[in-house]
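Taking it in order: structure first as structure tokens, then the write-up.
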Amino acid sequence: MYLILPTEQQKQNARSEFNATAETVKNDVCHLIDWITKQPHLPTITDEELLAHCLLNCKNSLEKTKNRLETYFNTKAVMPEVFRNRDPLTEEIEKVCSISMYIPLPKLTPDGYRVIMLYISDDAKYTQLPPFNHFLKATLMSIDIMGKYDYPKGVIVVHDGKNISMEFVANAATEIHKLVLLAAVSKRTIFETSKGSHTPYIRSHKVTYFNNFPIKTLFQKSIPVRYRNLYFFNMNSATQIFLSIGKNFIKKDLANRIQILKNENDLCNVLPKEIVPRNYGGDELPLEVLREQWFDEVKSKRDFLIAAEDYVSDLSKRPEPTKNLGFEDLNGSFRKIEID
């Protein structure tokens with residue numbers, strides 16, 4: 001196993017932060033499994049480990065966990081471009097993972113957080129960049145693996161902007177625009193959940209710039225990951241633009257936790273030296289070696305990734321809307337507003 005997983009004590013520390021124990025988590029997971037089986041449109045999920053991790057990332061709140069699961073599986077249904085065809089042995093995935101990855105560092109921080117490194121390798125200068133949705137797909141594959149097998153208190157993201165180019169930013173903007181148009185042309189809608197209830201409903205998504213776009217829902221309300229901090233360094237003009245785009249997809253409180261480091265040498269000032277890659281001044285293996293090792297881990301989880309493609313809502317089976325009721329009273333039904 002590439003990841004050094006939390007000890008039982010670290011797991012308990014993570015649970016205790018949200019007033020949970022191994023026993024209460026087990027009971028809550030049984031409740032979630034029972035709840036899922038009663039939702040006609042949701043996939044059958046009986047993986048207790050996966051649900052326990054999701055529960056932790058939702059601060060041990062059953063309500064938030066139901067919201068997150070509901071939104072995640074519905075989002076997968078309307079974004080097949082990044083949730084289907086995720087075989088890591090395909091040329092598409094191998095190419096993108098050869099130059100860029102969402103790489104979890106092997107060791108946890110002393111307080112139980114997992115550090116994620118994002119970067120584009122120097123080799124990207126000598127090859128045509130893959131479409132941005134391939135980068136996004138590979139990132140979501142790593143997130144799914146961590147959601148299944150890892151148990152950190154949360155995630156710290158570190159982004160090296162050294163090799164972010166204007167070509168990459170233009171690629172990203174173009175692909176995002178394509179996804180916006182696909183969502184509009186097919187009249188696809190995003191299912192979300194009302195505040196204070198696990199009752200699902202659908203909110204209108206305007207096809208304008210990046211606001212109210214499916215990717216925003218994906219990263220803000222779907223993925224069961226708790227982000228603690230985001231660090232950026234080696235900033236250039238392209239990275240500044242990319243960061244400006246990225247801020248549209250994260251919550252304001254998380255955007256306020258973004259810190260710009262002067263250079264890569266400052267990384268050891270915010271993270272323990274023993275977990276930082278050697279090429280950034282730390283004691284861990286160089287990031288390029290870790291990239292190769294993590295991709296080997298991703299390939300070893302091939303069966304899981306392919307099977308997870310079917311963990312998606314069947315929107316044709318969703319309950320019919322209930323008329324003349326507020327969101328709080330919908331009791332599992334949906335409110336739908338299609339895009340013209």
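Anchor point for the sequence shown: position 55 equals 55 in full-length UniProt numbering, and the numbering is continuous, going up by one each time. Every residue, glycine too, gets a C-beta built ideally from N, C-alpha and C. Predicted, not measured: the structure shown is a model, and the values here were computed from it.
Self-check item: Endpoints, the beta strand (DSSP E) within which P104 is located
Solution: S100 to P104
Self-check item: CB contact flag (P88, V298, <8 Å)
Solution: yes
Exercise. Go through its chain and collect everything with a Cβ distance to V25's Cβ below 8 Å, but skip five positions before and after it.
Key: Excluding residues within five positions, the ones whose Cβ falls inside 8 Å are R15, A52, L55, L56 and N60.
Quiz item: Can the beta-carbon of I164 be found less than 8 Å from the beta-carbon of F242?
Solution: Against a cut-off of 8 Å, the Cβ pair of F242 and I164 comes out as a contact.
Quiz item: To the nearest whole angstrom, what separates the beta carbons of L42 and P106, a pair I think is in contact under 8 Å?
Solution: Actually they are not in contact, since the Cβ atoms of L42 and P106 sit about 34 Å apart, beyond 8 Å.
Quiz item: What residues match up with Q259 in a beta bridge as DSSP calls it?
Solution: Y231
Practice problem: Mark D160 as exposed unless 16 or more other C-beta atoms lie within 10 angstroms of its C-beta, in which case mark it buried. | Solution: buried
Self-check item: N- and C-terminal bounds of the beta strand (DSSP E) containing G154
Solution: G154 to D160
Exercise. Figure out for me which residue from L230, L315, I245 and E284 has the closest Cα to the Cα of L118.
Key: Minimum Cα distance to L118 is reached at L230.
Practice problem: Please state whether DSSP places K187 in a helix, a strand or coil. | Solution: Per-residue confidence for K187 stands at a pLDDT of 37, beneath the threshold of 50, marking its modelled position as unreliable; the derived number appears in the next sentence. Note: K187 maps to coil in three-state DSSP.
Quiz item: Where do the N-terminal and C-terminal ends of the alpha helix (DSSP H) with I93 fall, by residue?
Solution: That run of the alpha helix (DSSP H) goes E91 to C97.
Quiz prompt | C-beta atoms of T109 and L285 nearer than 8 Å | solution = Cβ atoms of T109 and L285: not closer than 8 Å.
Exercise. Quick one: grab the DSSP three-state call for E17.
Key: Residue state, collapsed to three classes: coil.
Quiz item: Going by DSSP, what residues sit across from D117 in a beta bridge?
Solution: Reading off the sequence, residue 117 comes out as Met, not Asp. Answer is I103 and V158.
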